[in-house]
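Participant: So that we are looking at the same thing, I have put the structure below in structure tokens.
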Amino acid sequence: MLRLLAAMLVLASASALAQYPDRPIRIVNPFAAGGSGDIVTRIVTQKIAENTGKTFVLEARTGAAGRIGYEAGVRSPGDGYTLVLTDTTYTMMPALYGSLPWHTPGALVPVVNLATSPFLVIVRSDLKAATLRDLIAMAKANPGKLNYGSAGTGSINHVTTELFKREAGIDIVHIPYKGMSDAVTGLVSGSVDMLMIGILPISSHLSSGKATALAIAAPARSAGVPNVPTTDEAGLTGYRGGNWFGWTAPAGTPTEAVDWLVREVTKALSAPDVRERLLAQGVVPSGLARDDFAKILRDDAARWTTVMRDAGIKAE
Numbered sequence: 001m002l003r004l005l006a007a008m009l010v011l012a013s014a015s016a017l018a019q020y021p022d023r024p025i026r027i028v029n030p031f032a033a034g035g036s037g038d039i040v041t042r043i044v045t046q047k048i049a050e051n052t053g054k055t056f057v058l059e060a061r062t063g064a065a066g067r068i069g070y071e072a073g074v075r076s077p078g079d080g081y082t083l084v085l086t087d088t089t090y091t092m093m094p095a096l097y098g099s100l101p102w103h104t105p106g107a108l109v110p111v112v113n114l115a116t117s118p119f120l121v122i123v124r125s126d127l128k129a130a131t132l133r134d135l136i137a138m139a140k141a142n143p144g145k146l147n148y149g150s151a152g153t154g155s156i157n158h159v160t161t162e163l164f165k166r167e168a169g170i171d172i173v174h175i176p177y178k179g180m181s182d183a184v185t186g187l188v189s190g191s192v193d194m195l196m197i198g199i200l201p202i203s204s205h206l207s208s209g210k211a212t213a214l215a216i217a218a219p220a221r222s223a224g225v226p227n228v229p230t231t232d233e234a235g236l237t238g239y240r241g242g243n244w245f246g247w248t249a250p251a252g253t254p255t256e257a258v259d260w261l262v263r264e265v266t267k268a269l270s271a272p273d274v275r276e277r278l279l280a281q282g283v284v285p286s287g288l289a290r291d292d293f294a295k296i297l298r299d300d301a302a303r304w305t306t307v308m309r310d311a312g313i314k315a316e
């Protein structure tokens with residue numbers, strides 16, 4: 001009788017997965033709507049919805065530099081119906097907090113890496129810094145007078161700007177926000193001097209002239225902003241900064257669900273309209289799945305732990 005019951009449960013589970021997904025898939029966003037990861041995810045899920053008719057729901061769970069959203073994902077059932085929009089900040093959590101209410105390795109399993117986004121060095125349009133050299137010279141002449149915004153203490157924007165400060169030899173003040181959309185508002189309104197940010201969330205303000213891009217922290221220029229020099233060209237040789245965006249899932253998520261997601265993301269990222277839309281805004285499609293994504297998670301955790309330790313960055 002017990003064997004029969006077990007067999008029936010296995011068959012029922014297999015049947016349910018064969019129909020996966022049969023209800024909306026929730027994607028937890030640890031940061032405010034309007035950021036690069038949010039935009040990339042919406043572009044990808046829109047294409048998957050067109051291809052399959054399936055529904056995705058993005059849910060913003062902001063605060064604590066992403067910790068609230070990541071923890072919500074970790075504590076969700078691993079049934080294939082909860083994903084977490086994950087970026088580099090997840091690999092910074094152990095260094096930022098020291099201890100966490102979950103066991104970080106394996107708490108969220110890698111599903112697929114969607115895209116990468118190099119950062120721009122952005123200043124408000126009236127700062128009177130026409131080049132990166134101008135900005136660095138201004139900061140050196142006025143230590144502690146300029147400021148920069150970020151998505152919060154320990155966010156990728158915070159950590160990469162601290163690395164920028166160290167390599168440029170300057171002292172500028174950190175203003176943490178709850179998300180980069182708020183930080184962008186601060187820049188446009190004049191209360192923030194500088195941002196280290198991806199092209200997507202700032203592109204409209206670059207076009208309108210409300211923000212100025214001084215450099216892109218990458219080894220090559222971007223199709224999204226072809227006239228913006230690299231940091232090497234602009235005088236800060238070797239400095240790199242950027243982010244990646246992917247989906248992870250709670251431990252225990254069925255392999256069949258992960259396979260379906262990887263397959264559909266790969267199709268979406270291969271679509272010419274999606275690729276053109278992402279590349280035009282400076283985002284490079286990736287599509288790296290499970291094992292390759294897992295290596296990114298491990299390597300970045302080691303890298304950023306060293307950077308954050310050297311910069312003395314800890315949760316406030």
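Using the working numbering, you'd call the opening residue of the sequence shown number 1 and step up by one each time. Here a beta-carbon is modelled for each residue, glycine too, at the ideal position from N, C-alpha and C. Just so you know, these numbers come straight off a predicted model, no measurement behind them.
Here's the rule I'm using: 16 or more other beta-carbon atoms within 10 Å means buried, otherwise exposed. How should residue 224 be labelled?
Facilitator: When all chains shown are included, residue 224 counts as buried.
Participant: If we ignore side chains and look at the alpha-carbon of each, how far apart do residue 1 and residue 27 end up?
Facilitator: Below a pLDDT of 50, predicted positions are generally treated as unreliable, and residue 1, at 49, falls in that range; the measurement from the model is reported next regardless. Cα to Cα, residue 1 sits roughly 39 Å from residue 27.
Participant: In angstroms, rounded to a whole number, what distance separates the CA positions of residue 306 and residue 257?
Facilitator: Approximately 35 Å, taken between the alpha carbons.
Participant: Which same chain residues, not among the five before or five after residue 68, have their C-beta less than 6 Å away from its C-beta?
Facilitator: If we look at residue 68 and ignore the five residues flanking it on each side, its Cβ neighbours are 61.
Participant: Quick one: is residue 285 buried, meaning 16 or more other Cβ sit within 10 Å of its Cβ, or exposed?
Facilitator: Buried, since its Cβ has 16 or more Cβ neighbours within 10 Å.
Participant: Verify whether the separation of the beta carbon atoms of residue 184 and residue 148 is less than 8 Å.
Facilitator: In this structure, residue 148 does not lie closer than 8 Å to residue 184 by Cβ.
Participant: Go through the region 22-63 residue by residue and report every complete run of the alpha helix (DSSP H) that reaches 4 residues or more, in order.
Facilitator: Runs of the alpha helix (DSSP H) inside the region 22-63: 36-52.
Participant: Starting from residue 203, trace the alpha helix (DSSP H) both ways and give me its first and last residue.
Facilitator: 203-208 is the span of the alpha helix (DSSP H), which, as asked, contains residue 203.
Participant: For residue 112 and residue 262, which I take to be in contact (beta-carbon distance under 8 Å), what is that distance rounded to the nearest angstrom?
Facilitator: The pair is a contact, with the Cβ atoms about 5 Å apart (cut-off 8 Å).
Participant: Using CA coordinates, which residue listed in 23, 35 and 301 is at the minimum distance from residue 179?
Facilitator: Out of 23, 35 and 301, 35 has the C-alpha closest to the C-alpha of residue 179.
Participant: Starting from residue 318, trace the alpha helix (DSSP H) in both directions and tell me its first and last residue.
Facilitator: With the chain covering 1 to 316 only, the question about residue 318 has no answer from this structure.
Participant: Could you tell me which residues DSSP pairs with residue 198 in its beta bridges?
Facilitator: According to DSSP, residue 198 bridges with 119.
Participant: How about the region 152-159 and the region 51-66: do they share at least three Cβ pairs that are nearer than 8 Å?
Facilitator: Verdict: yes, contact present.
Participant: If I follow the unbroken beta strand (DSSP E) through residue 288, where does it start and stop?
Facilitator: Start and end: 284-289.
Participant: One question on the structure: do residue 87 and residue 37 come within less than 8 Å of each other, judged by their Cβ atoms?
Facilitator: Taking 8 Å as the Cβ cut-off, residue 87 and residue 37 qualify as a contacting pair.
Participant: Could you check which residue in 298, 312 and 43 has the C-alpha nearest to that of residue 265?
Facilitator: Ranking 298, 312 and 43 by Cα distance to residue 265 puts 43 first.
Participant: Per DSSP, which one or two residues make a beta bridge with residue 147?
Facilitator: Its beta-bridge partners are 173.
Participant: Does DSSP put residue 240 in a helix, in a strand, or in coil?
Facilitator: Three-state result, residue 240: coil.
Participant: Check whether the Cβ atoms of residue 114 and residue 31 lie closer than 8 Å to each other.
Facilitator: No. Outside cutoff.
Participant: Report the residue from 125, 138, 108 and 272 whose alpha carbon sits nearest the alpha carbon of residue 168.
Facilitator: Of the candidates 125, 138, 108 and 272, the one whose C-alpha sits nearest the C-alpha of residue 168 is 138.
Participant: CB residue 57 to CB residue 247, shorter than 8 Å?
Facilitator: Not in contact: residue 57 and residue 247 (Cβ atoms no closer than 8 Å).
Participant: Give a yes or no on whether the C-beta atoms belonging to residue 249 and residue 109 are separated by under 8 Å.
Facilitator: Yes. Within cutoff.
Participant: For residue 176 and residue 19, what's the separation of their Cα atoms in angstroms?
Facilitator: The alpha-carbon atoms of residue 176 and residue 19 are separated by roughly 44 Å.
Participant: Evaluate residue 241 with the Cβ neighbour count: other Cβ atoms within 10 Å of its Cβ, from every protein chain shown; 16 or more gives buried, anything less gives exposed.
Facilitator: So residue 241 ends up on the buried side.
Participant: Give me, in chain order, the residues of the same chain whose beta-carbon lies closer than 8 Å to that of residue 220; leave out the 5 immediate sequence neighbours on both sides.
Facilitator: Hits under 8 Å: 230.
Participant: Keeping to the same chain, check which residues put their C-beta closer than 6 Å to that of residue 55; ignore five residues upstream and five downstream.
Facilitator: So the qualifying residues of the chain are 24.
Participant: Would you check if the region 292-301 and the region 124-141 touch, i.e. whether three or more CB-CB distances between them fall below 8 Å?
Facilitator: No: the two stretches stay apart, fewer than three of their Cβ pairs being nearer than 8 Å.
Participant: Check whether the Cβ atoms of residue 71 and residue 105 lie closer than 8 Å to each other.
Facilitator: No, the Cβ-Cβ distance between residue 71 and residue 105 is not below 8 Å.
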